[in-house]
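J.: If you scroll down you'll find the structure; I have some questions about it.
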Amino acid sequence: MDLGIRGKKAIVCASSRGLGKGCAMALAEAGCDLVVNGRDAATLAKTATEIRERFGVQVTEIVGDVADPAIQKALLATCPEPDILVNNNGGPPFRDFRELDREAIVKGVTNNMIAPIELIQAVLDGMAARGFGRIVNITSLSVYVPIPGLDLSSGARAGLTSFLAGVARTVADKNVTINNMLPGKLDTDRLRPAHEIGTPEEPAAAAARKAKASASIPAKRLGTPEEFGQICAFLCSVHAGYLTGQNIPVDGGLYVSAF
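The sequence shown runs 62 to 320 under our numbering.
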């Protein structure tokens with residue numbers, strides 16, 4: 062399917078690896094020029110090179126934490142009129158809520174609620190004026206299914222979800238959409254807390270880990286960043302203009318609900 066977004070400009074936050082990279086790759090495949098972002102310069106540069114070589118699109122790298130106002134300014138200076146914004150950022154680690162002090166709570170809310178809202182504030186009116194805009198927020202299935210130890214992540218992302226539910230309806234008539242993707246168990250480094258990022262994993266150990274993690278998933282497997290990215294790209298396409306204000310679980314059927 063031609064997604065109709067070739068030549069569009071996209072900012073993809075936290076896109077050097079994992080789900081953000083999957084989204085950046087899929088948008089590049091659809092022909093979008095990208096601004097990619099990540100905290101590790103070497104990893105980000107490797108991803109940017111891979112995207113350029115595979116898809117021949119323009120890719121600009123902005124190194125840093127997207128929750129930092131200075132990094133947000135750098136993203137927007139590089140791409141002042143984005144057609145697409147994919148909000149993403151790492152969530153807080155597992156931690157009993159009793160251990161959370163004020164500083165940790167504020168940081169979690171800033172990373173996973175305030176930062177995406179600030180970026181949306183910066184780009185929304187321009188998208189509306191130009192008659193096209195697609196905003197996708199990568200949140201978490203924990204918005205629907207609370208996970209003890211991820212209370213801060215769940216709360217911040219649920220706050221973002223509720224905050225934007227009304228905002229999405231105010232620009233739908235301008236061909237601007239805001240939707241949320243709720244990843245369940247996908248095969249990223251976040252599911253490998255004891256495994257050092259970037260190092261090879263023994264095949265047998267990887268197979269055992271994935272089998273254990275997949276046991277409760279109706280699809281009986283972990284999702285991949287690549288397929289997650291393709292769903293994101295569709296939500297950013299010209300074909301998805303009548304879909305807004307929605308939460309899309311990408312979880313292999315793990316979340317059980319008839320509605």
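We put the beta carbon where it would ideally sit given N, CA and C, even for glycine.
Near Ala-91, which residues of its chain fall below 6 Å by C-beta distance, leaving aside the five closest residues on each side in sequence?
T.: Residue numbering aside, residue 91 sits at position 30 when the sequence shown is read from its first letter. So the qualifying residues of the chain are Leu-64, Ile-66, Ala-294.
J.: Would Asp-186 be called buried (16 or more neighbouring beta carbons within 10 Å of its own) or exposed?
T.: Translated into positions along the sequence shown, residue 186 becomes position 125. Exposed: under 16 other Cβ atoms inside 10 Å.
J.: Please work out which residues of its chain come closer than 7 Å, Cβ to Cβ, to Thr-139, disregarding the five sequence neighbours upstream and downstream, and give them in chain order.
T.: Against the sequence shown, residue 139 aligns to sequence position 78. Val-96, Thr-121, Ile-123.
J.: Does the pairing of the region 292-312 with the region 227-247 give three or more beta-carbon distances under 8 Å?
T.: Segments in contact, yes.
J.: List the residues that DSSP assigns as beta-bridge partners of Asp-126.
T.: Counted from its first residue, the sequence shown places residue 126 at position 65. None, per the DSSP bridge assignment.
J.: Kindly indicate which residue of Ile-278, Asp-157, Gly-220 has the alpha-carbon position closest to the one of Val-204.
T.: Taking the first residue of the sequence shown as position 1, residue 204 is located at position 143. Answer by Cα proximity: Gly-220.
J.: Along the chain, where does the beta strand (DSSP E) containing Val-73 start, and where does it finish?
T.: The residue given as residue 73 occupies position 12 in the sequence shown. 70-73 is the extent of the beta strand (DSSP E) around Val-73.
J.: If we require 4 or more residues per run, which alpha helix (DSSP H) segments fall completely within the region 142-219?
T.: 163-170, 176-191, all fully within the region 142-219.
J.: Would you say Ile-112 touches the ligand ATP, meaning its beta carbon is less than 7 Å from a heavy atom?
T.: No copy of the ligand ATP occurs in the structure displayed, which carries no ligand at all.
J.: Counting only the same chain and skipping the five closest in sequence on each side, list residues whose C-beta sits under 7 Å from that of Ala-269.
T.: Counting from one through the sequence shown, the residue named residue 269 turns up at place 208. Cβ neighbours of Ala-269 beyond the five flanking positions: none.
J.: Given Met-174, which residues of its chain have a CB within under 8 Å of its CB, disregarding the five upstream and five downstream residues?
T.: Mapped onto the sequence shown, residue 174 falls at position 113. Result list for Met-174: Ala-217, Arg-218, Gly-220, Leu-221, Phe-224, in chain order.
J.: Starting from Met-86, trace the alpha helix (DSSP H) both ways and give me its first and last residue.
T.: Taking the sequence shown and counting its residues from 1, one reaches residue 86 at position 25. Its alpha helix (DSSP H) spans residues 79-90.
J.: Note down the Cα distance separating Glu-263 from Ala-128, rounded to an integer number of angstroms.
T.: Residue numbering aside, residue 263 sits at position 202 when the sequence shown is read from its first letter. Residue numbering aside, residue 128 sits at position 67 when the sequence shown is read from its first letter. Those two C-alpha atoms are separated by around 35 Å.
J.: Return the Cβ separation of Ala-276 and Leu-283 in integer angstroms, given the expectation that the two are a contact with Cβ distance under 8 Å.
T.: The residue you call residue 276 lines up with position 215 of the sequence shown. The residue you call residue 283 lines up with position 222 of the sequence shown. Their Cβ separation, rounded to whole angstroms, is 11 Å, which puts Ala-276 and Leu-283 out of contact at 8 Å.
J.: Of all Cβ atoms in chain B, is any one closer than 8 Å to the Cβ of Asn-148?
T.: Of the protein chains in this structure there is only one, and it is not chain B.
J.: Do Phe-289 and Gly-83 have their CB atoms nearer than 8 Å?
T.: Along the sequence shown, read from residue 1 onward, the residue named residue 289 stands at position 228. Along the sequence shown, read from residue 1 onward, the residue named residue 83 stands at position 22. Contact flag set, yes.
J.: Quick one: what's got a C-beta closer than 7 Å to Thr-249's C-beta in the same chain, skipping five residues either side?
T.: Taking the sequence shown and counting its residues from 1, the one referred to as residue 249 is at position 188. Correct list, in chain order: Gly-79, Leu-80, Pro-286.
J.: Just to confirm, are Asp-126 and Leu-202 a CB contact at a threshold of 8 Å?
T.: Numbered from 1 along the sequence shown, position 65 holds the residue referred to as residue 126. Numbered from 1 along the sequence shown, position 141 holds the residue referred to as residue 202. It is not a contact, given that the beta carbons lie outside the stated cut-off.
J.: Apply the 10 Å Cβ neighbour rule to Met-86 and answer buried if 16 or more other Cβ atoms are within range, or exposed otherwise.
T.: As a position in the sequence shown, residue 86 is number 25, starting the count at 1. Burial call: buried.
J.: In angstroms, rounded to a whole number, what distance separates the CA positions of Leu-136 and Gly-68?
T.: Counting from 1 along the sequence shown, the entry for residue 136 is found at position 75. Counting from 1 along the sequence shown, the entry for residue 68 is found at position 7. Going from the Cα of Leu-136 to the Cα of Gly-68 covers about 18 Å.
J.: Kindly list the residues whose CB is nearer than 7 Å to the CB of Ala-10, restricted to its own chain and excluding five residues on each side of it in sequence; keep chain order.
T.: What the structure shows of the chain is the stretch from 62 to 320, and residue 10 is not part of that stretch, so it cannot be assessed.
J.: Note down, in chain order, each residue of its chain lying with its Cβ closer than 7 Å to the Cβ of Ser-214, except the 5 sequence neighbours on either side.
T.: Position 153 of the sequence shown, counting from 1, holds the residue named residue 214. Cβ within range, chain order: Gly-152, Pro-153, Gly-169, Asn-173, Ser-201, Ser-203.
J.: Inspect the beta-carbon positions of Lys-70 and Pro-177 and report whether they are closer than 8 Å.
T.: Translated into the one-based positions of the sequence shown, residue 70 becomes position 9. Translated into the one-based positions of the sequence shown, residue 177 becomes position 116. Taking 8 Å as the Cβ cut-off, Lys-70 and Pro-177 do not qualify as a contacting pair.
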